[in-house]
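Be aware that the sequence shown starts at 7, since it is given in our numbering, and climbs by one per residue.
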Amino acid sequence: MEVEIEKLDHYGRGITRVADKICFVENALPNEVVEIEIIKEHKKYIEAKTTKIIKPSEDRITPPCPYYEKCGGCNLEHISFLKENEFKEEKVKEIIEKFAKTNKNIVKDIVYDEPYHYRNKVTLHQINNKLGFYEKKTNNIIPIKECLLLNKELNKYLKNIKSKNNEIILKIGNKTNEILDSTKNKKNIISYIGSKKYRLSEKSFFQVNSVITEKLYNNIKDEIIKNNSKNVLDLYCGTGTIGIYISDNVDKVLGIESCKEAIEDANYNKKLNNCNNITFKLGKVEDLTKDLTKDYDTVIVDPPRNGLDKKVTNKLLEILPKTIIYVSCDPITLARDLSILKEKFNIKYIRPYNMFPRTYHVENICILNKKLMSKDDK
Ligand SMILES: C[S@@+](CC[C@H](N)C(=O)[O-])C[C@H]1O[C@@H](n2cnc3c(N)ncnc32)[C@H](O)[C@@H]1O
7 MEVEIEKLDH YGRGITRVAD KICFVENALP NEVVEIEIIK EHKKYIEAKT TKIIKPSEDR
67 ITPPCPYYEK CGGCNLEHIS FLKENEFKEE KVKEIIEKFA KTNKNIVKDI VYDEPYHYRN
127 KVTLHQINNK LGFYEKKTNN IIPIKECLLL NKELNKYLKN IKSKNNEIIL KIGNKTNEIL
187 DSTKNKKNII SYIGSKKYRL SEKSFFQVNS VITEKLYNNI KDEIIKNNSK NVLDLYCGTG
247 TIGIYISDNV DKVLGIESCK EAIEDANYNK KLNNCNNITF KLGKVEDLTK DLTKDYDTVI
307 VDPPRNGLDK KVTNKLLEIL PKTIIYVSCD PITLARDLSI LKEKFNIKYI RPYNMFPRTY
367 HVENICILNK KLMSKDDK
């Protein structure tokens, strides 16, 4: 069946209509005419794949990765990097307008860097001596020699892996090039973001793209300075990265995080960077913020993909900090939370960061300022 593609959906698939149903087509770009094969017909929509490109888009490029068609890791290798960045910016605008019901002009230009070799972490799977990544939508392994998203030193390292473990996690320290291999006894490494150094271990979260992370953290620091922040809450703090990054510019930081290993790293990192104004607490943000008072003028939140717990949004509406800095890896949950927070906060701007090039994922920072309601509030 021959179809014309209208636009991309949020996962980078082409959108068209087939027999009055919306149809999502893998490997198809806007304005292309393609031949498709239906994979699955659902009640309200159809999933299809491209079998032949009849009229290609000017933005189409040949994917450089030999595993691209089968591997589930990347989604946008067939589109130019320039168009990928435009797509992500547009996607954030659409989502913000639709779900946060806010003017899309608050979304600024996307920040990007190199499209390949940015990842400082990889999870490999091994079944029957085949080491690699899972094939799209299956548990079959695609054996790989290298991954184009991965740091070049990690690519060299994975060629010599001898372990037969089912899962192997590798991480590399930014600037130090120290390698953490989950199958060995070396269990943590040091990584740099800007001039700050951080210990991280296997289970603790660390942003996968160190170059973009430094740009993002500088954005946070600029806001902290501009807003004259003094008493800061760093929620979902991981290994304490953001709090430590801004510690020289504020009076006090309290970090909260539920992963035990991450808090152990955070306490180590505090000493490593000679920070005497930071405290970390282990526990769930929704539990530990229950009795929080209005002491904090700035709250940084960096939750996982499911966004903020309802209790946390309610708490923010109650304690009303002057500034909220919301770091998000999922624009849909960000938009959902903003639709609640905007009752008492103005959204100053949202800036997308291309933290995960060649995939449909996009990181965002959003700055919110408390609305001035009455004389007392000022
Ligand atoms: C996106 S990461 C951000 C980490 C850190 N801010 C950074 O930039 O490296 C989210 C963190 O939230 C933690 N987390 C997830 N659910 C949580 C919860 N309910 N309470 C506290 N921390 C949580 C995870 O362990 C993870 O470290």
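We put the CB at the ideal spot given by N, CA and C, even for glycine.
So, helix, strand or coil for residue i, using DSSP?
i      : result
Ile306 : strand
Arg342 : helix
Thr393 : A query on residue 393 cannot be resolved here, the shown segment of the chain reaching from 7 to 384 and no further.
Pro337 : helix
Lys384 : Confidence at Lys384 is low in this model, with a pLDDT of 49, below 50, so the placement of that residue should be treated as unreliable; the coordinate-derived value is given next. Coil.
Ile226 : helix
Lys365 : Note on residue identity: the sequence assigns Thr, not Lys, to residue 365. Of the three classes helix, strand and coil, the one that applies to Thr365 here is coil, per DSSP.
Ser197 : strand
Asn91  : helix
Gly179 : coil
Asn360 : coil
Ile11  : coil
Thr386 : Nothing can be reported for residue 386: it is not among the residues displayed for the chain, which extend from 7 to 384.
Asn370 : strand
Leu207 : For the sequence presented, residue 207 should be read as Ser rather than Leu. Strand, per DSSP.
Asn215 : strand
Glu184 : coil
Lys50  : coil
Asn320 : helix
Lys61  : strand
Lys221 : helix
Lys377 : coil
Lys97  : helix
Leu239 : strand
Lys348 : coil
Lys202 : strand
Lys328 : coil
For residue i, which residues from the same chain have a beta carbon less than 7 angstroms from its beta carbon, with the 5 sequence-adjacent residues on both sides left out?
i      : result
Asp301 : Asn237
Asn233 : Thr304, Lys328, Thr329
Ser63  : Leu35, Pro36, Asn37, Glu38
Ile250 : Lys202, Asn275, Lys276, Asn279, Cys281, Ile284
Asn273 : Phe286
Thr339 : Arg311, Asn312, Gly313
Thr247 : Ile199, Tyr204
Ile353 : Thr108, Ile112, Leu344, Cys372, Leu374
With distances taken Cα to Cα, identify the nearest neighbour of residue i among the options.
i      : options                        : result
Asn430 : Pro310, Gly138, Cys372         : No answer is possible for residue 430: the residues shown for the chain start at 7 and end at 384.
Asp115 : Ile185, Leu88, Lys168, Tyr204  : Leu88
Asp254 : Asp228, Lys27, Glu267          : Asp228
Lys203 : Met7, Asn135, Asn280           : Asn280
Glu263 : Gly244, Asp271, Asp257, Ile248 : Gly244
Phe211 : Glu270, Asn183, Leu155         : Glu270
Ala25  : Phe93, His48, Asn111           : His48
Glu83  : Asn225, Asn134, Pro70, Val113  : Pro70
Val318 : Tyr242, Thr365, Asp257         : Tyr242
Ser169 : Leu154, Leu130, Pro309         : Leu130
Asp65  : Ile85, Tyr51, Tyr73            : Ile85
Leu355 : Leu374, Tyr366, Pro363, Asn135 : Note that residue 355 is Tyr in the sequence shown, not Leu. If we check each option's Cα against that of Tyr355, Leu374 comes out closest.
Pro358 : Cys335, Gly261, Lys107, Gly78  : Cys335
Lys266 : Lys290, Asn180, Ile252         : Lys290
Ile60  : Lys136, Ile11, Pro337          : Ile11
Val256 : Ser235, Lys316, Pro72, Leu239  : Ser235
Phe105 : Ile167, Val117, Leu344         : Leu344
Asn194 : Val217, Lys127, Leu164, Val259 : Lys127
Gln132 : Ile150, Asp315, Glu120         : Ile150
Val368 : Lys110, Lys50, Lys94           : Lys94
Ile1   : Gly78, Arg342, Phe362, Ile196  : Absent from the structure is residue 1, since the part of the chain shown begins at 7 and ends at 384.
Asn320 : Leu347, Ile331, Arg342, Thr299 : Leu347
Leu239 : Ile185, Ile353, Thr299, Lys136 : Thr299
Among residues of its own chain, excluding the 5 on either side of residue i, which ones have a beta-carbon nearer than 8 angstroms to its beta-carbon?
i      : result
Lys76  : Glu141, Lys142, Ile148
Lys350 : Leu323, Leu326, Lys376, Lys377, Met379
Asp15  : Ile21, Phe30
Ser188 : Asn171, Glu173, Ile174, Ile175, Leu176, Glu208
Lys384 : With a pLDDT of only 49 at Lys384, under 50, the local geometry of the prediction cannot be trusted, and no value is derived from it.
Phe224 : A small correction: the amino acid at residue 224 is Asn; Phe does not occupy that position in the sequence shown. Cβ within range, chain order: Gly200.
Arg125 : Cys153, Leu155, Leu156, Asn157, Leu160, Val214, Asn215
Considering only residues of the same chain and omitting the five flanking positions on each side of residue i, which have a CB-CB separation below 6 angstroms?
i      : result
Glu53  : Phe30, Ile45, Lys46
Asn183 : Glu159
Val117 : Lys221, Tyr359
Asp315 : Glu292
Asp308 : Tyr242, Val333
Ile28  : Tyr51
Does ligand 3 have a heavy atom nearer than 6 angstroms to the CB of residue i?
i      : result
Tyr124 : Ligand 3 is not part of the structure shown, which contains ligand 1 as its ligands.
Of all the alpha helix (DSSP H) runs that stay within the bounds of the region 100–174, which reach a length of 4 or more residues?
-> 158–164
Length-filtered (3 minimum) beta strand (DSSP E) runs lying within the region 17–42 | 20–24, 27–32
With a floor of 4 residues, list each alpha helix (DSSP H) that falls wholly inside the region 245–299, ordered by position along the chain.
-> 247–252, 266–278, 291–294
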